[in-house]
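Numbering (the numbering used here), first residue to last: 1 to 340. Ideal Cβ positions, reconstructed from N, Cα and C, are used throughout, including at glycine.
Here is the structure:
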(Lines of atoms letter the chains of each structure in order from A and count residues from 1; the text may use other names and numbers.)
(Lines give C-alpha, C1' and ligand atoms only; values in the text may rest on other atoms or scores of the structure.)
Protein backbone atom coordinates (compact mmCIF):
# COMPACT_ATOMS: atom_id res chain seq x y z
CA UNK A 1 0.00 0.00 0.00
CA UNK A 2 1.17 3.51 -0.75
CA UNK A 3 1.08 6.45 1.67
CA UNK A 4 -2.13 7.88 0.18
CA UNK A 5 -4.02 4.62 0.70
CA UNK A 6 -2.74 4.26 4.26
CA UNK A 7 -3.82 7.79 5.23
CA UNK A 8 -7.33 7.22 3.87
CA UNK A 9 -7.61 3.79 5.48
CA UNK A 10 -6.33 4.81 8.92
CA UNK A 11 -8.53 7.93 8.93
CA UNK A 12 -11.62 5.80 8.26
CA UNK A 13 -10.60 3.30 10.94
CA UNK A 14 -10.46 6.17 13.42
CA UNK A 15 -13.93 7.29 12.31
CA UNK A 16 -12.76 10.75 11.26
CA UNK A 17 -13.90 12.79 8.28
CA UNK A 18 -11.34 14.60 6.12
CA UNK A 19 -12.35 17.82 7.91
CA UNK A 20 -11.76 16.19 11.30
CA UNK A 21 -8.27 15.01 10.40
CA UNK A 22 -7.46 18.37 8.81
CA UNK A 23 -8.39 20.21 12.03
CA UNK A 24 -6.09 18.03 14.11
CA UNK A 25 -3.22 18.56 11.68
CA UNK A 26 -3.84 22.29 11.23
CA UNK A 27 -4.32 22.04 7.46
CA UNK A 28 -7.23 22.46 5.05
CA UNK A 29 -9.59 19.66 4.05
CA UNK A 30 -8.38 20.09 0.46
CA UNK A 31 -4.85 19.22 1.59
CA UNK A 32 -6.03 15.97 3.19
CA UNK A 33 -8.06 15.18 0.07
CA UNK A 34 -4.98 15.67 -2.14
CA UNK A 35 -2.89 13.45 0.13
CA UNK A 36 -5.46 10.66 -0.11
CA UNK A 37 -5.70 11.05 -3.88
CA UNK A 38 -1.93 10.87 -4.19
CA UNK A 39 -1.70 14.22 -5.98
CA UNK A 40 0.50 15.69 -3.23
CA UNK A 41 2.62 14.39 -0.33
CA UNK A 42 2.39 15.72 3.25
CA UNK A 43 5.40 17.38 4.86
CA UNK A 44 7.52 15.30 7.22
CA UNK A 45 6.16 17.04 10.32
CA UNK A 46 2.61 16.19 9.22
CA UNK A 47 3.61 12.56 8.66
CA UNK A 48 5.08 12.40 12.17
CA UNK A 49 1.92 13.96 13.61
CA UNK A 50 -0.27 11.47 11.72
CA UNK A 51 1.77 8.55 13.03
CA UNK A 52 1.01 9.81 16.56
CA UNK A 53 -2.69 10.30 15.83
CA UNK A 54 -3.11 6.92 14.12
CA UNK A 55 -0.90 5.06 16.60
CA UNK A 56 1.47 3.68 13.94
CA UNK A 57 5.15 4.13 13.15
CA UNK A 58 6.43 6.57 10.55
CA UNK A 59 8.15 3.65 8.82
CA UNK A 60 4.78 1.97 8.38
CA UNK A 61 3.39 5.11 6.74
CA UNK A 62 6.35 5.78 4.48
CA UNK A 63 7.24 2.30 3.26
CA UNK A 64 5.28 1.11 0.24
CA UNK A 65 4.57 -2.46 1.27
CA UNK A 66 1.78 -4.95 1.65
CA UNK A 67 -0.38 -4.77 4.75
CA UNK A 68 1.10 -6.44 7.82
CA UNK A 69 0.40 -6.30 11.51
CA UNK A 70 3.63 -4.33 12.00
CA UNK A 71 2.94 -0.72 12.83
CA UNK A 72 -0.80 -1.26 13.14
CA UNK A 73 -2.82 0.31 15.90
CA UNK A 74 -3.11 -2.46 18.52
CA UNK A 75 -6.53 -1.31 19.72
CA UNK A 76 -8.11 -1.95 16.29
CA UNK A 77 -8.70 -5.71 15.99
CA UNK A 78 -10.56 -5.39 12.69
CA UNK A 79 -7.92 -3.32 10.93
CA UNK A 80 -6.48 -6.32 9.05
CA UNK A 81 -9.82 -7.00 7.36
CA UNK A 82 -10.30 -3.30 6.67
CA UNK A 83 -6.93 -2.99 4.95
CA UNK A 84 -7.27 -6.11 2.87
CA UNK A 85 -10.82 -5.17 1.90
CA UNK A 86 -11.00 -1.34 1.69
CA UNK A 87 -14.34 0.37 2.27
CA UNK A 88 -14.53 1.49 -1.33
CA UNK A 89 -12.26 0.82 -4.25
CA UNK A 90 -11.07 3.95 -6.02
CA UNK A 91 -11.61 4.01 -9.76
CA UNK A 92 -8.57 5.03 -11.79
CA UNK A 93 -9.38 7.66 -14.43
CA UNK A 94 -7.04 7.79 -17.44
CA UNK A 95 -6.17 10.90 -19.46
CA UNK A 96 -8.02 9.60 -22.52
CA UNK A 97 -11.09 8.86 -20.43
CA UNK A 98 -11.06 12.32 -18.85
CA UNK A 99 -10.59 14.04 -22.23
CA UNK A 100 -13.47 12.09 -23.74
CA UNK A 101 -15.73 12.98 -20.81
CA UNK A 102 -14.95 16.71 -20.97
CA UNK A 103 -15.43 16.77 -24.75
CA UNK A 104 -18.76 14.92 -24.63
CA UNK A 105 -20.02 17.13 -21.80
CA UNK A 106 -19.17 20.29 -23.76
CA UNK A 107 -21.08 19.05 -26.81
CA UNK A 108 -24.10 17.60 -25.04
CA UNK A 109 -24.53 20.57 -22.69
CA UNK A 110 -25.90 22.61 -25.62
CA UNK A 111 -28.57 20.03 -26.40
CA UNK A 112 -29.54 19.38 -22.79
CA UNK A 113 -29.72 23.09 -21.96
CA UNK A 114 -31.79 23.65 -25.10
CA UNK A 115 -34.18 20.81 -24.22
CA UNK A 116 -34.82 22.16 -20.72
CA UNK A 117 -35.38 25.64 -22.16
CA UNK A 118 -37.90 24.18 -24.63
CA UNK A 119 -39.94 22.85 -21.70
CA UNK A 120 -40.08 26.36 -20.24
CA UNK A 121 -40.96 27.90 -23.62
CA UNK A 122 -43.68 25.35 -24.41
CA UNK A 123 -46.62 27.13 -22.63
CA UNK A 124 -45.97 30.51 -24.33
CA UNK A 125 -48.12 29.80 -27.38
CA UNK A 126 -51.00 28.56 -25.22
CA UNK A 127 -50.80 31.57 -22.89
CA UNK A 128 -50.66 34.15 -25.70
CA UNK A 129 -53.38 32.55 -27.83
CA UNK A 130 -55.55 32.14 -24.73
CA UNK A 131 -55.18 35.85 -24.01
CA UNK A 132 -56.02 36.76 -27.60
CA UNK A 133 -59.14 34.60 -27.57
CA UNK A 134 -60.32 36.29 -24.38
CA UNK A 135 -59.44 39.92 -25.06
CA UNK A 136 -59.39 39.93 -28.90
CA UNK A 137 -61.96 37.27 -29.70
CA UNK A 138 -62.41 38.56 -33.27
CA UNK A 139 -58.86 37.41 -34.07
CA UNK A 140 -59.13 33.80 -32.84
CA UNK A 141 -61.79 31.72 -31.13
CA UNK A 142 -61.39 30.09 -27.74
CA UNK A 143 -61.47 26.52 -29.08
CA UNK A 144 -58.94 27.26 -31.82
CA UNK A 145 -56.63 29.04 -29.37
CA UNK A 146 -56.79 26.18 -26.89
CA UNK A 147 -56.31 23.50 -29.54
CA UNK A 148 -53.35 25.15 -31.25
CA UNK A 149 -51.75 26.07 -27.93
CA UNK A 150 -51.99 22.56 -26.51
CA UNK A 151 -50.65 21.00 -29.72
CA UNK A 152 -47.62 23.30 -29.72
CA UNK A 153 -47.06 22.64 -26.00
CA UNK A 154 -47.17 18.86 -26.40
CA UNK A 155 -44.96 18.87 -29.51
CA UNK A 156 -42.32 20.99 -27.78
CA UNK A 157 -42.35 18.90 -24.61
CA UNK A 158 -42.17 15.66 -26.61
CA UNK A 159 -39.21 17.02 -28.60
CA UNK A 160 -37.50 18.20 -25.41
CA UNK A 161 -37.94 14.83 -23.69
CA UNK A 162 -36.56 13.05 -26.77
CA UNK A 163 -33.51 15.32 -26.76
CA UNK A 164 -32.94 14.78 -23.04
CA UNK A 165 -33.09 11.01 -23.46
CA UNK A 166 -30.93 10.83 -26.58
CA UNK A 167 -28.22 13.20 -25.42
CA UNK A 168 -28.44 12.29 -21.73
CA UNK A 169 -27.70 8.67 -22.61
CA UNK A 170 -24.37 9.73 -24.08
CA UNK A 171 -23.35 10.95 -20.63
CA UNK A 172 -24.83 8.03 -18.71
CA UNK A 173 -21.67 5.91 -19.08
CA UNK A 174 -19.79 8.55 -17.09
CA UNK A 175 -22.20 8.51 -14.13
CA UNK A 176 -19.59 6.79 -11.98
CA UNK A 177 -17.58 10.04 -11.96
CA UNK A 178 -20.17 11.68 -9.71
CA UNK A 179 -20.89 8.61 -7.60
CA UNK A 180 -17.64 6.69 -7.00
CA UNK A 181 -14.32 7.63 -5.35
CA UNK A 182 -11.79 8.48 -8.07
CA UNK A 183 -8.04 8.56 -8.54
CA UNK A 184 -6.59 10.49 -11.49
CA UNK A 185 -3.54 9.31 -13.39
CA UNK A 186 -0.30 11.11 -12.59
CA UNK A 187 -0.24 14.63 -14.06
CA UNK A 188 -3.92 14.54 -15.01
CA UNK A 189 -5.06 16.68 -12.08
CA UNK A 190 -2.85 19.58 -13.14
CA UNK A 191 -4.18 19.32 -16.71
CA UNK A 192 -7.82 19.43 -15.59
CA UNK A 193 -7.12 22.30 -13.19
CA UNK A 194 -5.64 24.35 -16.06
CA UNK A 195 -8.71 23.72 -18.22
CA UNK A 196 -10.98 24.73 -15.36
CA UNK A 197 -8.97 27.90 -14.80
CA UNK A 198 -9.20 28.80 -18.49
CA UNK A 199 -12.99 28.30 -18.45
CA UNK A 200 -13.54 30.29 -15.22
CA UNK A 201 -14.22 33.69 -16.93
CA UNK A 202 -16.83 32.15 -19.25
CA UNK A 203 -18.40 30.34 -16.29
CA UNK A 204 -18.71 33.53 -14.25
CA UNK A 205 -20.16 35.39 -17.23
CA UNK A 206 -22.69 32.63 -17.90
CA UNK A 207 -23.88 32.53 -14.29
CA UNK A 208 -24.13 36.32 -14.15
CA UNK A 209 -26.13 36.40 -17.40
CA UNK A 210 -28.50 33.73 -16.09
CA UNK A 211 -29.09 35.61 -12.84
CA UNK A 212 -29.73 38.90 -14.68
CA UNK A 213 -32.17 37.25 -17.10
CA UNK A 214 -34.15 35.50 -14.35
CA UNK A 215 -34.39 38.62 -12.20
CA UNK A 216 -35.15 40.80 -15.24
CA UNK A 217 -37.92 38.44 -16.37
CA UNK A 218 -40.33 40.30 -14.07
CA UNK A 219 -39.74 43.60 -15.93
CA UNK A 220 -42.20 42.84 -18.80
CA UNK A 221 -45.00 42.29 -16.27
CA UNK A 222 -44.19 45.52 -14.48
CA UNK A 223 -43.88 47.39 -17.78
CA UNK A 224 -47.29 46.08 -18.90
CA UNK A 225 -48.86 47.45 -15.74
CA UNK A 226 -47.21 50.84 -16.20
CA UNK A 227 -47.87 51.19 -19.95
CA UNK A 228 -51.21 49.45 -20.21
CA UNK A 229 -52.84 50.37 -16.96
CA UNK A 230 -55.47 48.22 -15.32
CA UNK A 231 -57.66 48.00 -18.44
CA UNK A 232 -55.25 46.53 -20.98
CA UNK A 233 -55.00 42.93 -19.74
CA UNK A 234 -53.62 41.72 -23.07
CA UNK A 235 -50.32 43.44 -22.36
CA UNK A 236 -50.04 41.33 -19.20
CA UNK A 237 -50.51 38.20 -21.30
CA UNK A 238 -47.67 39.27 -23.59
CA UNK A 239 -45.64 40.07 -20.48
CA UNK A 240 -46.05 36.51 -19.19
CA UNK A 241 -44.93 35.15 -22.56
CA UNK A 242 -41.84 37.36 -22.49
CA UNK A 243 -41.19 36.37 -18.87
CA UNK A 244 -41.08 32.70 -19.85
CA UNK A 245 -38.76 33.49 -22.76
CA UNK A 246 -36.30 35.34 -20.51
CA UNK A 247 -36.41 32.59 -17.87
CA UNK A 248 -35.73 30.00 -20.59
CA UNK A 249 -32.69 31.97 -21.76
CA UNK A 250 -31.41 32.29 -18.19
CA UNK A 251 -31.85 28.57 -17.52
CA UNK A 252 -30.04 27.75 -20.78
CA UNK A 253 -27.08 29.84 -19.62
CA UNK A 254 -27.05 28.20 -16.17
CA UNK A 255 -27.13 24.66 -17.54
CA UNK A 256 -24.67 25.26 -20.38
CA UNK A 257 -21.82 26.66 -18.30
CA UNK A 258 -22.80 24.66 -15.21
CA UNK A 259 -22.41 21.31 -16.98
CA UNK A 260 -19.01 22.22 -18.39
CA UNK A 261 -17.71 23.51 -15.07
CA UNK A 262 -19.28 20.51 -13.37
CA UNK A 263 -17.26 18.16 -15.58
CA UNK A 264 -14.05 19.67 -14.17
CA UNK A 265 -15.36 19.48 -10.61
CA UNK A 266 -16.32 15.82 -11.04
CA UNK A 267 -12.82 14.89 -12.18
CA UNK A 268 -11.15 16.94 -9.45
CA UNK A 269 -13.70 15.83 -6.82
CA UNK A 270 -14.33 19.41 -5.74
CA UNK A 271 -17.33 21.36 -4.43
CA UNK A 272 -20.41 19.13 -4.75
CA UNK A 273 -18.34 16.14 -5.89
CA UNK A 274 -16.07 15.52 -2.92
CA UNK A 275 -16.43 12.04 -1.49
CA UNK A 276 -18.60 13.29 1.36
CA UNK A 277 -20.78 15.45 -0.90
CA UNK A 278 -21.39 12.63 -3.37
CA UNK A 279 -23.32 10.80 -0.69
CA UNK A 280 -25.16 13.97 0.38
CA UNK A 281 -26.15 14.78 -3.21
CA UNK A 282 -27.50 11.28 -3.66
CA UNK A 283 -29.74 11.79 -0.66
CA UNK A 284 -31.01 15.25 -1.67
CA UNK A 285 -31.43 14.85 -5.44
CA UNK A 286 -35.12 13.98 -5.09
CA UNK A 287 -35.78 17.33 -3.40
CA UNK A 288 -34.80 19.40 -6.45
CA UNK A 289 -36.95 17.30 -8.78
CA UNK A 290 -39.99 17.50 -6.50
CA UNK A 291 -39.51 21.23 -5.91
CA UNK A 292 -39.38 22.32 -9.56
CA UNK A 293 -42.25 20.03 -10.55
CA UNK A 294 -44.32 21.66 -7.79
CA UNK A 295 -43.37 25.17 -8.92
CA UNK A 296 -44.35 24.36 -12.51
CA UNK A 297 -47.68 22.94 -11.35
CA UNK A 298 -48.41 26.04 -9.25
CA UNK A 299 -47.54 28.30 -12.21
CA UNK A 300 -49.92 26.47 -14.55
CA UNK A 301 -52.71 26.51 -11.94
CA UNK A 302 -52.32 30.26 -11.42
CA UNK A 303 -52.37 30.89 -15.18
CA UNK A 304 -55.23 28.64 -16.26
CA UNK A 305 -57.43 28.47 -13.16
CA UNK A 306 -57.20 31.93 -11.60
CA UNK A 307 -56.13 33.99 -14.67
CA UNK A 308 -53.95 35.96 -12.26
CA UNK A 309 -51.11 36.94 -14.60
CA UNK A 310 -49.57 39.35 -12.12
CA UNK A 311 -49.14 36.63 -9.54
CA UNK A 312 -47.82 34.23 -12.20
CA UNK A 313 -45.14 36.74 -13.14
CA UNK A 314 -43.68 36.58 -9.64
CA UNK A 315 -43.61 32.79 -9.28
CA UNK A 316 -40.33 32.00 -11.12
CA UNK A 317 -38.05 34.65 -9.59
CA UNK A 318 -39.41 33.94 -6.10
CA UNK A 319 -39.09 30.18 -6.67
CA UNK A 320 -35.47 30.57 -7.78
CA UNK A 321 -34.46 32.52 -4.67
CA UNK A 322 -36.46 30.23 -2.38
CA UNK A 323 -34.91 27.12 -3.93
CA UNK A 324 -31.39 28.32 -3.14
CA UNK A 325 -32.34 28.86 0.51
CA UNK A 326 -34.26 25.60 0.93
CA UNK A 327 -31.64 23.52 -0.88
CA UNK A 328 -28.92 24.92 1.39
CA UNK A 329 -30.98 23.88 4.44
CA UNK A 330 -31.67 20.40 3.02
CA UNK A 331 -27.96 19.83 2.31
CA UNK A 332 -27.02 21.10 5.77
CA UNK A 333 -29.42 18.63 7.38
CA UNK A 334 -28.09 15.80 5.20
CA UNK A 335 -24.50 16.78 6.04
CA UNK A 336 -25.34 16.73 9.74
CA UNK A 337 -26.75 13.22 9.47
CA UNK A 338 -23.69 12.12 7.47
CA UNK A 339 -21.37 13.36 10.21
CA UNK A 340 -23.11 11.39 12.95
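Open item on the list: What does the alpha-carbon distance come out to for the pair residue 322 and residue 118?
Closed with: 23 Å
Open item on the list: Since residue 352 and residue 122 should fall inside the 8 Å C-beta cutoff, what is the C-beta to C-beta distance between them, to a whole number of angstroms?
Closed with: Only positions 1 to 340 of the chain appear in the structure, and residue 352 is not among them; the question remains open.
- [ ] Give the range of the beta strand (DSSP E) segment to which residue 183 is assigned.
- [x] 182 to 184
Task: Residues near residue 77 by beta carbon distance below 6 Å, same chain, minus five either side - done: Below a pLDDT of 50, predicted positions are generally treated as unreliable, and residue 77, at 39, falls in that range; the measurement from the model is reported next regardless. Nothing listed; no residue qualifies.
Task: Rounded C-alpha distance that separates residue 35 from residue 214 - done: 41 Å
Open item on the list: Checking 7 Å against the spacing of the C-beta atoms, do residue 93 and residue 182 come in under that value?
Closed with: yes
Open item on the list: Can you look up residue 136 in the DSSP assignment and give me helix, strand or coil?
Closed with: coil
Open item on the list: I need the straight-line Cα distance from residue 267 to residue 56, nearest angstrom please.
Closed with: 32 Å
Task: Rounded straight-line distance, which links the Cα of residue 102 to that of residue 342 - done: Since the first residue of the chain shown is 1 and the last is 340, residue 342 is not available in this structure.
Open item on the list: Tell me the rounded alpha-carbon separation between residue 334 and residue 41.
Closed with: 31 Å
- [ ] Could you have a look at residue 41 and say whether DSSP puts it in helix, strand or coil?
- [x] coil
- [ ] Give a yes or no on whether the C-beta atoms belonging to residue 105 and residue 263 are separated by under 7 Å.
- [x] In contact: residue 105 and residue 263 (Cβ atoms closer than 7 Å).
Task: Beta bridge counterpart(s) of residue 91 as assigned by DSSP - done: 182
Task: Integer Cβ distance of residue 241 from residue 224, believed to fall under 8 Å - done: Actually they do not touch by this definition, with Cβ atoms about 11 Å apart.
Open item on the list: With H, G and I counted as helix, E and B as strand and the rest as coil, what does DSSP make of residue 270?
Closed with: coil
Task: Straight-line Cα distance separating residue 276 from residue 75 - done: With a pLDDT of only 44 at residue 75, under 50, the local geometry of the prediction cannot be trusted, and the value read off the model is given with reservation. The straight-line gap from Cα to Cα measures roughly 26 Å.
Task: Contacts around residue 234, its chain only, beta-carbon distance under 7 Å, and the 5 residues preceding and following it disregarded - done: Short of 7 Å from the beta carbon of residue 234, and not among the five residues preceding or following it, lie these beta carbons of its own chain, in chain order: 131, 135 and 136.
Open item on the list: Let me confirm a value: residue 196 is counted as buried when at least 16 other C-beta atoms fall within 10 Å, else exposed. Which label applies?
Closed with: buried
- [ ] Let me know if residue 371 comes out buried or exposed under the rule of 16 or more other beta-carbons within 10 Å of its beta-carbon.
- [x] Only positions 1 to 340 of the chain appear in this structure, which leaves residue 371 out of reach.
Task: Simplified DSSP assignment, three categories, for residue 150 - done: Here DSSP, grouped into helix, strand and coil, assigns residue 150 to helix.
- [ ] Find out if the Cβ-Cβ distance for the pair residue 39, residue 256 is shorter than 7 Å.
- [x] no
Open item on the list: What does the alpha-carbon distance come out to for the pair residue 399 and residue 301?
Closed with: Look at the range of the chain in this structure, 1 to 340, and you will see that residue 399 is not part of it.
TODO: State the DSSP-derived secondary structure class of residue 165, mapped to helix, strand or coil.
DONE: helix
- [ ] Classify residue 160 as buried or exposed, calling it buried when 16 or more other Cβ atoms lie within 10 Å of its own Cβ.
- [x] buried
Open item on the list: Quick check on residue 343: does DSSP put it in helix, strand or coil?
Closed with: In the structure as shown, the chain starts at 1 and stops at 340, and residue 343 therefore has no counterpart that could be examined.
Task: Alpha-carbon spacing of residue 247 relative to residue 219, whole angstroms - done: 12 Å
Open item on the list: Could you compute how far the alpha carbon of residue 10 sits from the alpha carbon of residue 291?
Closed with: Approximately 40 Å between the Cα atoms of the pair.
Task: Completely contained alpha helix (DSSP H) runs for the region 206 to 259, where each covers 4 or more residues - done: Here the runs fully enclosed are 219 to 228.
TODO: With a threshold of 16 other CB atoms inside 10 Å of the CB of residue 169, please say whether the residue is buried or exposed.
DONE: exposed
TODO: Using a threshold of 7 Å, state whether the C-beta atoms of residue 327 and residue 113 are closer than that.
DONE: Cβ distance not < 7 Å, so residue 327 and residue 113 don't count as in contact.
TODO: Using the Cα positions of residue 273 and residue 265, report the straight-line distance between them to the nearest angstrom.
DONE: Here the alpha carbon of residue 273 sits roughly 6 Å from the alpha carbon of residue 265.
TODO: Out of 151, 177 and 317, state which residue places its alpha-carbon closest to the alpha-carbon of residue 221.
DONE: Checking every option, the nearest Cα to that of residue 221 belongs to 317.
Task: Continuous alpha helix (DSSP H) stretch holding residue 61: start and end - done: For residue 61, the enclosing alpha helix (DSSP H) begins and ends at 58 to 62.
- [ ] List the whole-angstrom C-beta distance separating residue 243 from residue 217, where the pair is believed to meet the contact cut-off of C-beta under 8 Å.
- [x] About 5 Å separates the beta carbon of residue 243 from that of residue 217, a gap short enough to meet the 8 Å contact definition.
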